[in-house]
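Engineer:
In the working numbering, the protein residues as written are 25 to 381.
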């Protein structure tokens, strides 16, 4: 009888521990995340270093944590609260024969924050604080200067003093940017805006494509010898920025090759066709792919190039020197996931498969 009671007590303790573990796991797995408001978490003692939650968006300012002596505010989602300034539309033109996209040239008060291809801004109708902002990747090349690396041999104390002082804040310099926007129900206010119209634009957000970190140097292996670019539809915007940024290190006898796979529905849905020769001169081989070539084009164009999806074209061509290849992607979910899987399976380092969001 004594042995039976002892065994029963042990079983009850084990059951209690298992219930507690399951409850903890489920509470963690289904914990909600905020997309706009800061989450405040009380802490018992001051924290010496910021606590950063994992963000679904790599290198996004959304992961930044603001520390005080009693609370930690964790910003999650698309980034910090926007700081609005005024932008003006210089021109608004049809970007492709079908008219599904428009190309906007805009003037902003300060372009110094745009230093990496793939960065984006929020935009909303001028003065409308209740409007839901739209997120636009900047299509033109960076207008600001990235920070310069420390010179070789810089003393540790000097470097630490620079860090303690914080980054220098450059004086605002006006800039002209370009956006490529696919027409949708929620963005008619900007896709149909006339030249001279004003709108609200946020500070530049996101880390863009980490090209310098993952393409150059010896982080994974030797510096990449081959760059692959993948885009669908208006996702070509940040890819264009990368091509025209001169940060890819292709062309000019560099020995580094670069291929762009660009997918659209029909030939009439393809923006930037006039830029393809310019990109080829910069060292980028352009491979346009049309998924529905049998749909008649209003322009009268008859497609005679590659057909199917970007993934099909990559599968047909294969990945040369995968260990020393890197890739930049922007497009629909199916393309992003399919291409990434194919690249990694072929031997490309996962860290060299880069997204701008």
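We put the CB at the ideal spot given by N, CA and C, even for glycine.
1) Is residue 258 buried or exposed, if buried means 16 or more other CB atoms sit within 10 Å of its CB?
2) Would you kindly work out how many angstroms separate the C-alpha atoms of residue 364 and residue 374, rounded to a whole number?
3) Label residue 271 either buried or exposed according to how many other C-beta atoms from any shown protein chain fall within 10 Å of its C-beta, with 16 as the threshold for buried.
4) CB residue 286 to CB residue 313, shorter than 8 angstroms?
5) The alpha helix (DSSP H) that contains residue 364, what's its start and end?
6) So, for residue 119: in the same chain, excluding its five sequence neighbours on each side, which residues have a beta-carbon less than 7 angstroms away from its beta-carbon?
7) Alpha carbon to alpha carbon, how far is residue 213 from residue 380? Give it in angstroms, no decimals.
8) Keeping to the same chain, check which residues put their C-beta closer than 7 angstroms to that of residue 292; ignore five residues upstream and five downstream.
9) Following the continuous alpha helix (DSSP H) through residue 214, name the residue where it begins and the one where it ends.
10) How would you call residue 283, buried or exposed, if buried means at least 16 neighbouring beta carbons within 10 angstroms?
11) Any contact between the segment 133–142 and the segment 240–250? By contact I mean 3 or more CB pairs, one from each, below 8 angstroms.
12) Measure the alpha-carbon distance for residue 278 versus residue 248 and round it to whole angstroms.
13) Going by the CB atoms, is the gap between residue 227 and residue 149 shorter than 8 angstroms?
14) Round the Cβ separation of residue 356 and residue 256 to the nearest angstrom and send it over; I've been treating them as touching at under 8 angstroms.
15) Taking its Cβ as the centre, do 16 or more other Cβ atoms sit within 10 Å of residue 218, making it buried, or is it exposed?
16) Can you tell me the Cα-Cα spacing of residue 311 and residue 161, whole angstroms?
17) Measuring CB to CB, does residue 265 end up less than 8 angstroms from residue 163?
18) Which residue wins for smallest C-alpha separation from residue 232, given the options 263, 273 and 298?
19) Count the other CB atoms, across all protein chains shown, that sit within 10 Å of the CB of residue 234; report buried if there are 16 or more and exposed otherwise.
20) What are the boundary residues of the alpha helix (DSSP H) that includes residue 242?
21) If we ignore side chains and look at the alpha-carbon of each, how far apart do residue 193 and residue 172 end up?
22) So the alpha helix (DSSP H) residue 303 belongs to, where does it begin and stop?
23) Just to confirm, is the Cβ distance from residue 306 to residue 274 under 8 angstroms?
24) Determine the DSSP secondary structure at residue 311, reduced to helix, strand or coil.
25) With the cut-off set at 8 angstroms, would you say residue 222 and residue 111 are in Cβ contact?
26) Considering only the alpha carbon of each residue, which of 154, 159 and 202 lies closest to residue 167?
27) Ignore the nearest five residues each way along the sequence and tell me which others in residue 331's own chain have a CB closer than 6 angstroms to its CB.
28) Enumerate in chain order the residues of its own chain whose CB-to-CB distance from residue 377 is below 6 angstroms, with the five nearest sequence positions on each side excluded.
29) What residue from 169, 211 and 254 has the CA that sits closest to residue 338's CA?
30) Is it buried or exposed for residue 200, if we count other Cβ within 10 angstroms and need 16 for buried?
31) So, helix, strand or coil for residue 378, using DSSP?
32) Just tell me which of 362, 345 and 346 has its CA closest to the CA of residue 353.
33) What distance in whole Å lies between the Cβ atoms of residue 334 and residue 349, which are believed to be in contact at a cut-off of 8 angstroms?
34) Going by beta carbon distance, what residues of the same chain come within less than 8 angstroms of residue 309, once the five residues before and after it are set aside?
35) Count the other C-beta atoms from every protein chain shown that fall within 10 angstroms of the C-beta of residue 210, then say buried if there are 16 or more, exposed otherwise.
Structural biologist: Put simply:
1) Counting from one through the chain shown, the residue named residue 258 turns up at place 234. Per the 10 Å Cβ criterion, buried.
2) Locating residue 364 in the chain shown gives position 340, counting from the first residue. Locating residue 374 in the chain shown gives position 350, counting from the first residue. One C-alpha to the other measures close to 8 angstroms.
3) The residue labelled residue 271 in the question sits at position 247 within the chain shown. Result: buried.
4) Locating residue 286 in the chain shown gives position 262, where the first residue counts as 1. Locating residue 313 in the chain shown gives position 289, where the first residue counts as 1. Their beta carbons are under 8 angstroms apart, which means residue 286 touches residue 313 by this criterion.
5) Stepping through the chain shown from its first residue, residue 364 is reached at position 340. Run containing residue 364: 357–370, per the alpha helix (DSSP H) assignment.
6) On the chain shown, position 95 is the one that residue 119 refers to. So the qualifying residues of the chain are 125, 126, 127, 204 and 295.
7) What you label residue 380 is simply residue 356 of the chain shown in a count that begins at 1. What you label residue 213 is simply residue 189 of the chain shown in a count that begins at 1. Rounded to the nearest whole angstrom, the C-alpha separation of residue 380 and residue 213 is 25 angstroms.
8) For the purposes of this step, residue 292 is taken as residue 268 along the chain shown, with counting starting at 1. The answer, listed in chain order, is 120, 121, 122, 321, 322, 323 and 325.
9) As a first step, residue 214 must be located in the chain shown, where it is residue number 190. Looking at the DSSP string, the run of the alpha helix (DSSP H) that includes residue 214 is 212–215.
10) Taking the chain shown and counting its residues from 1, the one referred to as residue 283 is at position 259. Of the other Cβ atoms in all chains shown, 16 or more fall within 10 Å of the Cβ of residue 283; this residue is therefore buried.
11) no
12) As a position in the chain shown, residue 278 is number 254, starting the count at 1. As a position in the chain shown, residue 248 is number 224, starting the count at 1. In a straight line, the C-alpha of residue 278 is about 11 angstroms away from that of residue 248.
13) Numbered from 1 along the chain shown, position 125 holds the residue referred to as residue 149. Numbered from 1 along the chain shown, position 203 holds the residue referred to as residue 227. Not in contact: residue 149 and residue 227 (Cβ atoms no closer than 8 angstroms).
14) For the purposes of this step, residue 356 is taken as the residue at position 332 of the chain shown. For the purposes of this step, residue 256 is taken as the residue at position 232 of the chain shown. Yes, residue 356 and residue 256 are in contact; Cβ-Cβ is about 5 angstroms, under 8 angstroms.
15) Here residue 218 refers to the residue found at position 194 of the chain shown. By the neighbour-count rule (16 or more Cβ atoms within 10 Å), residue 218 is not buried but exposed.
16) As a working mapping, residue 311 is identified with position 287 in the chain shown. As a working mapping, residue 161 is identified with position 137 in the chain shown. Answer to the nearest angstrom: the Cα atoms are 22 angstroms apart.
17) Along the chain shown, one-based indexing puts residue 265 at 241. Along the chain shown, one-based indexing puts residue 163 at 139. In this structure, residue 163 lies closer than 8 angstroms to residue 265 by Cβ.
18) Walking along the chain shown from the start, residue 232 turns up at place 208. It is 263 whose Cα lies nearest to the Cα of residue 232.
19) For the purposes of this step, residue 234 is taken as residue 210 along the chain shown, with counting starting at 1. With 16 or more Cβ atoms within 10 Å of its Cβ, residue 234 is classed as buried.
20) Taking the first residue of the chain shown as 1, we reach residue 242 at position 218. In this chain, residue 242 is not harboured by any alpha helix (DSSP H), its DSSP state being neither H nor E.
21) Here residue 193 refers to the residue found at position 169 when the chain shown is read from its first residue. Here residue 172 refers to the residue found at position 148 when the chain shown is read from its first residue. The alpha-carbon atoms of residue 193 and residue 172 are separated by roughly 14 angstroms.
22) For this step, residue 303 is matched to residue 279 along the chain shown. Here the alpha helix (DSSP H) through residue 303 covers 300–305.
23) The residue given as residue 306 occupies position 282 in the chain shown. The residue given as residue 274 occupies position 250 in the chain shown. With respect to the 8 angstroms criterion, residue 306 and residue 274 are classified as neighbours on the basis of their beta carbons.
24) On the chain shown, residue 311 is found 287 positions in, with the first residue counted as 1. Reduced to three states, the DSSP call for residue 311 is strand.
25) Counted from its first residue, the chain shown places residue 222 at position 198. Counted from its first residue, the chain shown places residue 111 at position 87. Inclusion of residue 222 and residue 111 in the CB contact set at 8 angstroms is warranted, their separation being smaller than that value.
26) Start at 1 with the first residue of the chain shown, and residue 167 comes out as number 143. Among 154, 159 and 202, the Cα nearest to that of residue 167 belongs to 202.
27) Taking the chain shown and counting its residues from 1, the one referred to as residue 331 is at position 307. Cβ within range, chain order: 314 and 317.
28) Reading the chain shown from its first residue, position 353 is the one you call residue 377. For residue 377, where only same-chain residues beyond five positions count, the Cβ hits under 6 angstroms are 351, 364 and 367.
29) As a first step, residue 338 is located in the chain shown; it is residue number 314 there, counting from the start. With distances taken between Cα atoms, residue 338 lies closest to 254.
30) Along the chain shown, read from residue 1 onward, the residue named residue 200 stands at position 176. By the 10 Å Cβ count, residue 200 comes out exposed.
31) Working through the chain shown from its first residue, we reach residue 378 at position 354. Looking at residue 378 - three-state DSSP - the assignment turns out to be strand.
32) To locate residue 353, count along the chain shown from 1; it is residue 329. For residue 353, the nearest C-alpha among the options comes from 362.
33) As a first step, residue 349 must be located in the chain shown, where it is residue number 325. As a first step, residue 334 must be located in the chain shown, where it is residue number 310. At roughly 16 angstroms, the Cβ-Cβ gap does not stay under 8 angstroms, so residue 349 and residue 334 are not in contact.
34) As a first step, residue 309 must be located in the chain shown, where it is residue number 285. So the qualifying residues of the chain are 281, 282, 283 and 284.
35) Locating residue 210 in the chain shown gives position 186, counting from the first residue. With fewer than 16 other Cβ atoms within 10 Å, it is exposed.
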